[in-house]
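Data first, discussion second: the structure below is written as structure tokens.
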Amino acid sequence: MKVRLLPLALVVLTACSTSRTTPFTAPTVAVAPLSLAARPPAVSPVVADKAMVVSAHPEATRIGVEILQKGGNAYDAAVAVQFALAVALPVAGNIGGGGFLLYRGADGQEGALDFRETAPAAATRDMYLDAQGNVVPNRSTLGHLAVGVPGTVAGMEALHQKLGKLPWRDVVQPAVDLAANGLRLTTKEAAGLNRTRTEFAKFTPNTAYIKPGGNWAEGDIIKYPDLAQTLTRIRDQGRAGFYQGQTAELLVAEMQRGKGIITKQDLADYQPKWRTPLHGRYRGYDVLTFPPPSSGGVALLQMLQMLQPYDLGRMGWHTPQQVHVVTEAERRVYADRATYLGDPDFGRVPVPQLLDSAYNRQRMATTLPARATPSAQVQASTGLPSYESDQTTHYNIVDAQGNAVSCTTTLNGAYGSKVVVAGAGFILNNEMDDFSSKPGTPNAYGLVGGTANAIRPGKRMLSSMTPAILTQNGQLKLVVGTPGGSTIITSVLQTILNVVDFGFNPQQAVAAPRLHHQWLPDQIDVEQNALLPAAADTLRAHGYKLAPRAAWGRVEAIRVLPDGRLEGGADPRGDDTAAGY
Ligand code: GLY
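All the letters of the sequence shown, read from the start, carry residue numbers 1 to 581 under full-length UniProt numbering.
As structure tokens, then:
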């Protein structure tokens, strides 16, 4: 499949890149009767005068705000929030995973810190295939072999060394306290731990994540003594407290127990990387976002370029016409993603070509006025998706000086590989599934990939994480990001459209029901109340398959008001909380 498709896609890319000077007129799309426009509920954001933290857990938000109030900057608070989430939000917060952190300083300096996991040195391209070359179910998602070399602790240390102000131990200590003293479980976290009980028990029977003799309930206090010890070693020794010594020994012993392949050398070799952020423009905003090995930034900027010629605001929110245009952009961009995106340290990723505005606008020239373009005609592929949990998490911080952080961090699936490191108390990721185990075969998110994202030792798996920061005339305006696997990119896109094109405040923008199309499968996923029934009927009549789907994403947003105050939007789909002072 790949051999047949890749040249086709290259022809399109080359042809369009060379036609830079061809004028482009957006295909005509009728303006909808506004009676077909849905309307998300009017909800108010949290407002703060100076500084704000939005994260997926109230304890993590509280800790972040306290660090800011003690004189820490946004980077200190980011480290504290990251470690707090590793305790308070075990479904996704982590020290056993990785992530991408984007920042923009009050002085306009910016940076992109890649602490993505890597494939262990013993990883091979076909490690998830059987003798017949078929993907073995669960091998890349569950258990020790699914684990990539964690990057979070090294990433946090690199961030703190470069930009932190408070002592390292002061920013790690709140997470140590949280793990040692315990915290009250929310309804959602209790239910998640109960759902995962059998899988935890399979790998690590004696773990704090399992309630002895019963199920967790909302309000139960959960304590993590082993994790508190691990965090203490990190507090006292920095990255050496994780990648060397007792924590490394426990992690490697865990690997050996479960036939995993991460070695002490893999841990010692892990390095985070500073990368150059990507820039794009959308309706007068400068959009700063993350480069490969995330596909998210490239894809977001491609979509914004494709949508720029269309007056989405005039079409109306979630009218058939607006959904049509956005879906056709998403379809085309996810097709590019599957073909071209991977770790730039292991192969050329054609970012400049993909971000060529002429290319992206011409890609939309094949959009039909009121008809879905079948994905098979954009590029073909195989397979149906198997949606699994899409647990990653995101936090945004703006401090009183105006420094901004947008960070998405992940174990990949809910509770990652479900492996808890015995004696060290933290959960390991299952990020290896973000590689393309076999070209053309969908991963847990239904995403297909090609050789650009094939497994190689030391390589970073492709991601969809899309931390983003918008400025206007050099002034900070919006900080945004979300978890959600393959839906991350379209959720960030919709939040930006909700604010910029539809004038929603950040709370309304993150709460609004969402839609999602990712080229394959050829369907629009639809959250409850995202479309009026008449709009759904029209879309079906225009050739779209609509697939109702349970809520996804946990988008966080901070908007800076013209008077400098901050508005926070925390996704009501989770326990997400915005707070500031
Ligand atoms: N594991 C989800 C992502 O990185 O996109």
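Yeah, the Cβ is synthetic: ideal placement off N, Cα and C, and Gly gets one too. Please read all numbers here as calculations on a predicted model, not as lab measurements.
If you keep only unbroken beta strand (DSSP E) runs of at least 3 residues inside the stretch 134 to 201, you get nothing at all. The DSSP assignment places 240 to 243, 245 to 257, 264 to 269 as complete runs of the alpha helix (DSSP H) inside the stretch 228 to 306, in order along the chain (cut-off: 4 residues). For the pair A106 and L85, the Cα-to-Cα distance works out to about 26 Å.
Using a C-beta cut-off of 8 Å, the stretch 467 to 479 makes contact with the stretch 389 to 409, since at least three inter-stretch Cβ pairs fall below that distance.
Excluding sequence positions up to five before and after H517, its CB lies within less than 6 Å of the CB of T327, E330, R331, I524, all in the same chain and listed in chain order.
A distance of 8 Å or more separates the beta carbons of V499 and G481. The C-beta distance from V172 to F242 rounds to 11 Å, too long to meet the 8 Å contact threshold.
Scanning the stretch 198 to 226 from its first residue to its last, no whole beta strand (DSSP E) run of 3-plus residues comes out. Beta bridge pairing from DSSP links G481 with E556. For the stretch 426 to 495, the full-length beta strand (DSSP E) segments reaching 3 residues or more read 468 to 472, 475 to 481 along the chain.
Inclusion of S436 and G458 in the CB contact set at 8 Å is not warranted, their separation being larger than that value. Taking non-hydrogen atoms of ligand 1 into account, the C-beta of M465 is found less than 7 Å away from one of them.
Counting along the chain, D114 sits inside the beta strand (DSSP E) bounded by residues 110 to 114. At least one heavy atom of ligand 1 lies less than 7 Å from the C-beta of N412. In the three-state DSSP reduction, H318 falls in the coil class, being neither helix nor strand. For M303, the CB contacts under 6 Å within the same chain, skipping 5 residues up- and downstream, are A329, V333, L493 in chain order. When D177, A370, A335 are compared, the shortest CA-CA separation from D522 is found for A335. Taking C-beta separations shorter than 6 Å and ignoring five residues to either side along the sequence, the partners of Y445 in its chain run G485, S486, following chain order. In the DSSP secondary-structure assignment, M52 is bridged to V398, G580. If you check the C-beta of G485 against ligand 1, you find a heavy atom less than 7 Å away. Contact check between the stretch 93 to 113 and the stretch 271 to 282: three or more CB pairs, one atom from each, fall below 8 Å, which counts as touching. Around the beta carbon of A42, fewer than 16 other beta carbons lie within 10 angstroms, which makes this residue exposed. For S406, the enclosing beta strand (DSSP E) begins and ends at 404 to 410. The C-beta distance from A550 to G569 rounds to 21 Å, too long to meet the 8 Å contact threshold. When the alpha-carbon of T393 is set against those of K70, G99, S140, D49, the nearest one is in G99.
Boundaries of the beta strand (DSSP E) around F100: 98 to 104.
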